[in-house]
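Take a look at the structure below.
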Amino acid sequence: MTKPRNILVNLGGIKVAIAPHELFCYLAKVYADPGSTLPTEVFGTPEHEEAWTFVRGAIRGKELAYGTVEMWDVGYPQNPKKVKDLGRIDRPSQDPVLS
């Protein structure tokens, strides 16, 4: 029996591979500094804690870097919808702050 193939979903201009049965995707974005308009690193996962773990690891040791996590509804992969912003962190030990 073969495993179902992942599908690519366009989340606000960022293509993320998801499993066909996923309903939600958490998109982690890391920015180099507060003036950045494009993320330097992105990561999509079905687990929100995994998204925050990625952000915390990516900004560790980078003084001006920060990260955000967004929740996306991917139940209809051809028409994903951003559900909400889950917050921002500026240092690894910080709890997410909603802007």
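Sequential numbering of the sequence shown, starting at 2, is according to the numbering used here.
Every residue gets a Cβ at the ideal spot worked out from N, C-alpha and C, and that includes glycine.
query, result
"Beta-carbon spacing of Lys82, Asp74 below 8 angstroms", "yes"
"Span of the beta strand (DSSP E) around Gly45", "Glu42 to Thr46"
"Residue burial classification, Lys30 (beta-carbon count within 10 angstroms, cutoff 16)", "buried"
"Residue range of the unbroken alpha helix (DSSP H) whose run includes Ala66", "Taken as a continuous stretch (DSSP letters only), Ala66 belongs to no alpha helix (DSSP H), as it is neither H nor E."
"Range of the contiguous alpha helix (DSSP H) that encloses Ala101", "With the chain running from 2 to 100 in the structure shown, residue 101 is simply not present."
"Chain-order list of residues whose beta-carbon lies under 7 angstroms from that of Phe44 (same chain, five-residue window excluded)", "Ala29, Ala52 and Phe55"
"Three-way DSSP call (helix, strand, coil) for Val31 in this model", "strand"
"Residue environment, Glu71, which counts as buried when at least 16 other CB atoms sit within 10 Å", "buried"
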